[in-house]
Every structure is written in C-alpha cells, then in structure tokens.
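Participant: Residues -2 to 351, numbered by this note's numbering, are exactly what the sequence shown covers, in order.
We put the CB at the ideal spot given by N, CA and C, even for glycine.
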Amino acid sequence: MEKKYHNFYAPAFDVLIENTNILQEGMELTDVMVENTVEGADSFSFTVNNAFDIVRKDFNWLDQYLSVGKKVEIKMGYYDRLQSVFFGLVTAVDITFPAGGFPQVEVRGLDISHLMMKGSSCFSWDEVKDSEIARKIAAKFKLDGVEIEESKIKHSKVVQDGESDFNFLTRLAARNGFEFFILGKTLYFRDPAKRKLELLTLEWGKNLLSFAPRINISGQVSGIEVRGWDALAKKVIVGKAGVGDETGSDDGKKSGGELVSEAFRKEIVERISCSVRSQEEADLKAKTEYNRRAKKLLTGGGESIGLPDIMPGGYLKLAGLGKTFSRTYYILGTQHTISSLGYRTTFNVEGKKI
C-alpha cells in the first residue's frame, strides 16, 4: 500500500461535475466527504469557499456546476494515484451568508440508488426467479455495470405491490440471503458469502488508527425452524437451519448459535410460521434468517489512514488486535474524508464467528 500511494504523502482528490474537473475551474473546496454503504444510498458533501464574487456581489459557478441535478464523480487518493469513490447527482445546495467573512456553498448529493427509491410500482411476474427480475429492473436505469448472481428458486408469481424499485429489490435480495446495493456505476445483487476477497490488511499501531469491536449474543439463536403448509400435498413443510449453516469461510472459531447455547445451557430455537410453497423454499428461508442473525454477533467500527480501496461489499483483514479480534471482517459502510486534518477513512464491519 505504501508504494502504491507514495507512502501516503500528499492526499488529493478530484471532483468532476458534468465531466468537468471543478478544481481546474478555480474552485477552492474543503471538507470533502463521501459515505458508502450496502444498506442504502451513498452520499457526498463538500464546501466551496470562493463561490461568491465580492466585487460583482454574485455567485460564480452556481448555475453552471453547483446546482441540483448535476452529475458528480469524486475521486480520492494520494498525489496522482486517485480512485473513484462516488458517482451520483447533486441533490442539495446550502448557502450561508455569515455575519463576517465570505459566503460559503455546501454541496450535497446522493448516488444512483436514490433514483430507485423514488416513486412506487405495481407489477407482477409469473414463473420467474428473483435474479431475473433484478436484471429487468436494473435495465431501466441504464447502469454501466451489473453483477447479478443467479437465484435458485423459480416462483410461480412475484408481485411488486406499491413498492419502490429499491425497496422491492432489497426484499427480494433478503429472502435469498443476498445483498443488493449500488456502488459507483455498478448494481450488485449477490450472495456476499461467496465473495471472499480480502481488499487489504490493516494493523493497529500502524495504518489502523483505532478499532472498537462489540460481541453481542442477545439476537443469536441456536437454530431457526420455518413452518409452512403444502396445499397440494396437504402436509406441513418444515425447514431448519442452525450451527454449521453459517455461510462463508469465516475465520472465527465459535458462532453465535454455539455461544448462546453455552450461555443458556440449552438450544434456543426460534420457530417461524410463514408462506412457503416447497421444501427448498422453507430451507432457504430458515438458512437466510439464521445467517441474518449470525452476522450480527461481531460488529465494529474503526478508523484508518485514508484508503480508497476500503469500500462496502468487500472484506478487510485487521491485525494486531489479539487472537479474538485479529481476523477478516465484512465491510458494511465507509466514510472517506479529506479535510485540513488530512485523509481519513472510517468503516463499519461485521463477522459471524469469534
């Protein structure tokens, strides 16, 4: 990393609005911040200090670049090694006329996923997999990239009942144990457990500045039992999942299911009644719900030197934290900030075992 980013000397960024580098237009920007997440819309903000011409008593660039609806790309890194960390639209412009000093313009925006949150649709599909629906909806937004993993179950009917496209795809992803999010110009609809790619390693006392892990078994169970009714065969369908069904190659030793059984000296099984039409669907529902809980066993937040490689949807290896916490984590969200204090990256992570 040190070699790639010139020993982290000279943090730098570029902001492109409608494909124009606004720094080269003469704008002075401070407090450039980008937040990325797998659980909603990415966002950005920055402040322009010299947008107001005190002689003309009017703003420069306000209509041409600093107005809502403009396309924005932000890159961060060091010196000449910059990496794209955001692509989206300007959604808000805040202007402050202070008692003393020059007016300031704060520009804020959201990524493409916020467009998918607008409005609602009513539609139905017959004899279709959820991944096929995801492809059809993604095509409406003309994204540059799409990474959609094939889902297993073909449903006789799927209904989008007054939901936004974003909420609908989030629901479909959840019932398959998938994640759905947009990062940059790419839509992801996939099983995160199959993407065991470590982005990089951070070590406390070196490039990892701080880390605060938390172990919590309050939401953990030993097993999940899903019960439904097969109307054709006139029988109960039971799907089960428990210890050993954790997805991914987690490098911890004990799962939340094991820890909660040890703590209460018995198995804690939660039974759920729901509409499932096959054994395969019941098994998937049980496994998905069990893993949804399992991944909340170990959570944490940390801060490192600024690294644009740290992005949601990937994995991060932390070292120097003792045998319990030195391990690989899944990245839920990040915040990249370049200010007068330099370039810093904060992140939130989770893990299924300790």
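State yes or no: is the C-beta of residue 62 within less than 8 Å of the C-beta of residue 134?
Facilitator: no
Participant: Does residue 40 come out as helix, strand or coil in the three-state DSSP assignment?
Facilitator: strand
Participant: Considering only residues of the same chain and omitting the five flanking positions on each side of residue 208, which have a CB-CB separation below 7 Å?
Facilitator: 201, 297, 299, 315, 318
Participant: Does the Cβ-Cβ distance between residue 102 and residue 45 come in under 8 Å?
Facilitator: yes
Participant: Under 6 Å Cβ to Cβ from residue 333, same chain only, skipping five residues before and after it: list those, please.
Facilitator: Hits under 6 Å: 31, 73, 82, 342.
Participant: Identify which residue in 231, 43, 254 has its Cα closest to the Cα of residue 238.
Facilitator: Sorting 231, 43, 254 by C-alpha distance to the C-alpha of residue 238 places 254 at the top.
Participant: Taking the CB atoms as reference points, tell me whether residue 294 and residue 214 lie closer together than 8 Å.
Facilitator: yes
Participant: Can you look up residue 102 in the DSSP assignment and give me helix, strand or coil?
Facilitator: strand
Participant: Taking its Cβ as the centre, do 16 or more other Cβ atoms sit within 10 Å of residue 76, making it buried, or is it exposed?
Facilitator: exposed
Participant: Kindly give me the distance between the Cβ atoms of residue 108 and residue 179, rounded to whole angstroms, as I take these residues to be in contact under 8 Å.
Facilitator: 6 Å
Participant: Distance, Cα to Cα, residue 26 vs residue 311?
Facilitator: If you take the alpha carbons of residue 26 and residue 311, they lie about 30 Å apart.
Participant: Name, in chain order, the residues that DSSP records as bridge partners for residue 334.
Facilitator: 30, 341
Participant: Taking the beta strand (DSSP E) that residue 302 belongs to, which residues open and close that run?
Facilitator: 295 to 302
Participant: Pull the bridge partners of residue 110 from the DSSP assignment, please.
Facilitator: Note: residue 110 is not bridge-paired with any residue in the DSSP secondary-structure output.
Participant: Which residues does DSSP list as the beta-bridge partners of residue 308?
Facilitator: Paired residues: none, contrary to the question.
Participant: When the Cα atoms are used, what is the spatial distance from residue 129 to residue 285?
Facilitator: Cα to Cα, residue 129 sits roughly 20 Å from residue 285.
Participant: What number of angstroms, rounded off, separates the C-alpha of residue 28 from the C-alpha of residue 292?
Facilitator: 33 Å
Participant: With respect to the beta strand (DSSP E) encompassing residue 211, which residues constitute its N-terminal and C-terminal limits?
Facilitator: 205 to 212
Participant: For residue 273, which residues in the same chain have their Cβ closer than 8 Å to its Cβ, ignoring the five residues on either side in sequence?
Facilitator: Only residues of its own chain outside the window of five on either side were considered, and among them 223, 225, 234, 236, 279, 282 have a CB closer than 8 Å to the CB of residue 273, listed in chain order.
Participant: Mind pulling the alpha helix (DSSP H) runs of 4 or more residues that sit fully within the region 224 to 267?
Facilitator: 253 to 261
Participant: If you compare alpha carbons, which of 71, 94, 1, 143 is closest to residue 106?
Facilitator: With distances taken between CA atoms, residue 106 lies nearest to 71 out of 71, 94, 1, 143.
Participant: Using 8 Å for Cβ pairs, my map puts residue 183 next to residue 144. What's the rounded Cβ distance?
Facilitator: 6 Å
Participant: For residue 264, which residues of its own chain have a beta-carbon under 7 Å away from its beta-carbon, when the five flanking residues on both sides are left out?
Facilitator: 219, 220, 258
Participant: If we count the other Cβ atoms within 10 Å of its Cβ and call it buried at 16 or more, is residue 104 buried or exposed?
Facilitator: buried
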